[in-house]
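*Asks:* Could you have a look at this structure, given as structure tokens, before my questions?
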Amino acid sequence: MNQQMEKKWCSTKRCKSLNINLNKILAKPEETLEQHTNEVIIVCEIILSRVEKVIGKFAEVIGEDFFINDDVKSEELREYVLELCQYHDYGKVNPHFQRYIRGDWSVPTENKEHSIYSFYLWLINFVNSNQSISNRTLTIRVLIAYGVIAGHHGRLKVLKSRFVTREGILTNQKYIKKLYEWDVLDQSDVKTLMLKMKVIQSELTKNDIYTEQYLLTFSKFAYSILVNSDSIASSNIAQTEYETMVNRLFFRNINDVNFDCAYNRMPVINSVNSSLISEEQDFIEMEEMNDLRTLVNKKAKASYEEGIDIYILESPVGSGKTLSSLMLVIEVLHNDGKKKLINTFPLNSVQSQYVKTIVEDIGIDEEYVNVVNSESLFGTESEFQEGQEEALRVEESNLWLFNRNCFANEIIITSHVRFFDTFTCVKRKGALGFLSLVDAIVVIDEFQNYRKEYWYQIWGELLKISKVLGTKFIFTTGTLPVSEKQILDNYGDKVKKVFTSKENKQLFASPLIKDRCKIEMLGEGEFSSIELLKEEIVKDFRFRERQGWRQFIICMSFVEHTKQLYSLLKDEISGYYIYYLCGRHSPEYKKVLIKKIKEHNDNIEDKVILVTTKTVECGMDFDFDYGYKEFDRFDAVEQLSGRINRSNKKVGCGAKVFIWKRKKLEDEKLFKFSEDVLEKLNNKEFVQLYEDVYENNKIDIKSVENHLNVLHLRCNYGEYSDKMKVIDDDSFTTDIYWVLPSEEEWFIEIYSDLPDSITFAEKVQNSIRLKKKLERFEMTVTNFWLSDMVGLGYLKELHINGVNYYMVKNEKVFLAYCVDKYEIDNVVSYIESKIYKEV
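The sequence shown begins at 526 in the working numbering and counts up by one.
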């Protein structure tokens, strides 16, 4: 039935004036443009049939100027998306592309371009079919179509750069003339396009061009549908399984997993549910930590309210936020009919802890859970990969990667960077998962770890997505880095804090929380030498040791500083287990190390020192006696103190903060250390601390958001993408496959050893098994280290079946100077090293 619908749509909508024989043009090596276009339309129709409610929402908010016929808005939006999908590859009429696709590998990359030609062919069809539309409607349609069609192989393209600058206009003329030279357009078409270019140029220079704020959001939606339709239609999946594939990739239902039943069977939740403690009670009444956690859980459940799109669960470290947030998730699932759970964390290292909670503690089968990190494994990133069609296909060998990038499973566990790459939906890889936000619940953990701009600009963005896609958001944080007053004043009807202001004050003032760890200052002034810092820490450490403390944690912000301090302490201190932890260790190594630390924590006689980066501040339930922390932000100090005397069973525990002299990150500049700050940290007055930050730095949430809205009005995807980055590009970490020369044959053999499969479900399972075999080759690195390694010739980027991997060159030098090796219980982890810069 779907196939018949699609072919009918294609035949009635195709522009008769274009001089293109779709059955003679190749879209793929063994597929004509006619065949590929029809396949893409079939998939697009299937997707559109599953998001009718979303299209209806867009019809309500996208603005009157978009529409040609006000009577059928939803159908008009649907037809528009289908047109974008139909024309997305028509530019493959380019004779240079045709030479390439037929096997002439000598064709230069710049000559193979087709996406921009596809846009012009869509445009001439649109203006010939709609000659009486207003200039404003024309410009809005072109604004979106250019971004989606011209950018479908790389990222959404910004129209203004093409139609306003002199260079862009001349480039337009060049492309249009090429289509004329190839006998695709006639002189009348060229004249029409040139006239319309002037109209669009004039419209784009008006200051009041658009008043609607959902154009960019709709662009992301249409872009995601095209990218996914193209990927699925280009796959080796049988057409009869397209609907199954669409459902499996985007529209699974967590309610089929019986998540709520499994959650309520947990012994700890059984205890909560049977407790006589009522959500009406005050936190100040609780005398035991477990009773306080029970009350947090019950108040979280009771906080559900119809019409709320964003919940904020602000609760101290160790007070049971994770399980309490899941109680609220279940309430939202039941009452609002949501279908997917997406959990986001600031650090990859926390994800494995959460997987344990979901799989081992709650008892959800692993097949329903997927961990999605940032990765550089997928060969679809570059805007200039116009000819690399093989990198865009869903194949059985890379299906696990599409499964991850589409956020396919019922429960997704991912990083902040990866989630907001999908949320922003400007790049092709991010667009793959955008549809999975439809009717999802997104739990955003430790929000305070974002860069400061996110604290003030994200709220309006989340509410736009919530309005059209039906997404609900739950923030869990130990210290909300936002002015509570501004949030509630601006968004109070859609944003709710789980605890009232009174409850929040009582919770943080509870002796169970407040008296766990006293914070003091280490030394005087700044430390500018790791050696001097080490001496001061050791001096205080010896004093604490004489007091009877045996288990210590030391935390610094940057990997290199932490590694240096770890090395010095290992040389200085004997008789202790001394460990180094950072987020870039391999998952298996971190799992073993965390287990070791917890075993030490359980045996109070063990002498242990953990030297760690900020990775320890999120989701690791350690319980040390004393700690030392580099001061960077209020929340980071609180997070570290939450790893000391966690259950408040010891007396006299504490932590000392120190100032490390280094270049401050932009968000760190907001935080000034003083005696007043130290007093408020000890009193847990975080709401007031952040009100002070916003007042002292004159931060107005609404004015920052208004700037972001301007980018929406003009679909400025480039600047929007920059604004929506969670962290700066140089700070990104990414997962790569790295292969030693002696292992390359084994690595490649894994790909050629896939068992036969028939159904889509079998293909998914085989692909997941393949992914597990490849974990041995994974390493987490920073982008600048990876760039250096490739640039210096230590790593060579290669591809197999659309997946990237890096071959090590000069193995001896690489292992000696470019990576550091760590080992526990025969489990090995490699971390990038900067020693190579000194060699």
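For glycine and all other residues, C-beta sits at the position ideal for the given N, C-alpha and C.
What separation, rounded to the nearest whole angstrom, lies between the Cα atoms of K1120 and M1145?
*Replies:* Going from the Cα of K1120 to the Cα of M1145 covers about 11 Å.
*Asks:* Taking 7 Å as the cut-off, decide whether the C-beta atoms of Q973 and D1160 are in contact.
*Replies:* Yes, they are a contact pair.
*Asks:* Out of K997, G888 and L704, state which residue places its alpha-carbon closest to the alpha-carbon of R867.
*Replies:* The sequence given here has Ile at residue 867, not Arg. For I867, the nearest C-alpha among the options comes from K997.
*Asks:* Evaluate G958 with the Cβ neighbour count: other Cβ atoms within 10 Å of its Cβ, from every protein chain shown; 16 or more gives buried, anything less gives exposed.
*Replies:* G958 is buried by the Cβ-count criterion.
*Asks:* Put V1344 into one of helix, strand or coil per three-state DSSP.
*Replies:* DSSP places V1344 in strand when its eight states are reduced to three.
*Asks:* At what residues does the beta strand (DSSP E) containing K553 begin and finish?
*Replies:* Element bounds for K553: L551 to K553.
*Asks:* Which same chain residues, not among the five before or five after Q1031, have their C-beta less than 8 Å away from its C-beta?
*Replies:* Answer for Q1031: D807, F808 and I809, listed in chain order.
*Asks:* What is the DSSP secondary structure of K1039, counted as helix, strand or coil?
*Replies:* The answer is helix: DSSP assigns K1039 an H, G or I state.
*Asks:* Pick from E1322, F1066 and F1149: whose alpha carbon is nearest that of N1126?
*Replies:* Ranking the options by Cα distance to N1126, first place goes to F1149.
*Asks:* Tell me the rounded alpha-carbon separation between S1312 and V1328.
*Replies:* The straight-line gap from Cα to Cα measures roughly 18 Å.
*Asks:* My assumption, with CB atoms under 8 Å, is that L994 sits in contact with V963. Please give the rounded CB distance.
*Replies:* About 5 Å separates the two Cβ atoms, so the contact holds.
*Asks:* From V1344, I694, K723 and K1227, pick the residue whose C-alpha is nearest to that of W984; which is it?
*Replies:* That would be K1227, whose Cα lies nearest to the Cα of W984.
*Asks:* Using the C-alpha atoms, what's the distance from W707 back to R624?
*Replies:* Between R624 and W707, the C-alpha separation is close to 14 Å.
*Asks:* Between E692 and S759, what straight-line distance do the alpha-carbon atoms span, to the nearest angstrom?
*Replies:* When rounded, the distance between both Cα atoms is 35 Å.
*Asks:* With a floor of 4 residues, list each alpha helix (DSSP H) that falls wholly inside the region 570-629, ordered by position along the chain.
*Replies:* DSSP runs (the alpha helix (DSSP H)) wholly in the region 570-629: 577-586, 598-612 and 620-626.
*Asks:* So what's M811 in DSSP terms, helix, strand or just coil?
*Replies:* DSSP places M811 in coil when its eight states are reduced to three.
*Asks:* Taking the straight line between their C-alpha atoms, what separation do you get for Y1114 and R1171?
*Replies:* Going by the C-alpha atoms only, they are around 24 Å apart.
*Asks:* Leaving out the 5 sequence neighbours to the left and right, which residues in its chain are closer than 6 Å to T765 when beta-carbon positions are compared?
*Replies:* Once the five neighbours on either side are set aside, T765 has no close Cβ partner at all.
*Asks:* Going residue by residue through the region 1052-1129, where are the continuous beta strand (DSSP E) segments of at least 3 residues, counting only ones entirely within it?
*Replies:* Complete beta strand (DSSP E) runs here, min 3: 1076-1080 and 1102-1106.
*Asks:* Nearest CA to the CA of I641: which residue from L602, K703, V597 and N594?
*Replies:* Nearest of L602, K703, V597 and N594 to I641, Cα basis: K703.
*Asks:* Smallest Cα separation from N594: which of F644, N650 and S657?
*Replies:* Here the closest residue by C-alpha is S657.
*Asks:* I'd like to know whether the C-beta atoms of Y1105 and V1141 end up nearer to each other than 7 Å.
*Replies:* No, the Cβ-Cβ distance between Y1105 and V1141 is not below 7 Å.
*Asks:* At the level of alpha carbons, what is the spacing between L668 and A747?
*Replies:* Each residue's Cα considered, the two are about 12 Å apart.
*Asks:* So, under 8 Å CB-CB, K1248 and Q982 are touching, yes? Tell me the CB distance rounded to an integer number of Å.
*Replies:* Right, their Cβ atoms sit about 7 Å apart.
*Asks:* Tell me, which residues are paired with M1046 by DSSP?
*Replies:* V1182, per the DSSP bridge assignment.
*Asks:* Can you tell me which of V875, L988 and L1236 puts its alpha carbon nearest to the alpha carbon of T939?
*Replies:* Looking at the Cα atoms, V875 is the closest of the given residues.
*Asks:* When we look at the beta-carbon of G843 and count the other beta-carbons within 10 Å, is it buried (16 or more) or exposed?
*Replies:* Burial call: buried.
*Asks:* Just the Cα atoms here: how many angstroms apart are L1047 and I1134?
*Replies:* If you take the alpha carbons of L1047 and I1134, they lie about 18 Å apart.
*Asks:* Going by C-alpha to C-alpha distance, which of A825, A787, C786 and R790 sits closest to E805?
*Replies:* Among A825, A787, C786 and R790, the Cα nearest to that of E805 belongs to A825.
*Asks:* For the 8 Å Cβ check, are there 3 or more pairs between the region 999-1015 and the region 788-795?
*Replies:* They do not touch, by the three-pair rule.
*Asks:* Is H613 closer than 7 Å to K637 when the C-beta atoms are compared?
*Replies:* Not closer than 7 Å, so no.
*Asks:* Classify I1129 as buried or exposed, calling it buried when 16 or more other Cβ atoms lie within 10 Å of its own Cβ.
*Replies:* When all chains shown are included, I1129 counts as exposed.
*Asks:* Quick one: residues in its chain with C-beta nearer than 7 Å to the C-beta of E1322, no 5 flanking neighbours on either side, listed in chain order?
*Replies:* Cβ within range, chain order: V1315, N1329 and Y1331.
*Asks:* With 16 other CB atoms within 10 Å as the buried threshold, where does F909 fall?
*Replies:* Unreliable positioning characterises F909 in this predicted model, as indicated by a pLDDT of 34, which lies under 50. A coordinate reading is not provided.
*Asks:* By Cβ distance, which residues of its chain are closer than 7 Å to D890, with the 5 residues on each side in sequence left out?
*Replies:* Excluding residues within five positions, none has a Cβ falling inside 7 Å.
*Asks:* In three-state terms, what does DSSP make of G985?
*Replies:* Looking at G985 - three-state DSSP - the assignment turns out to be helix.
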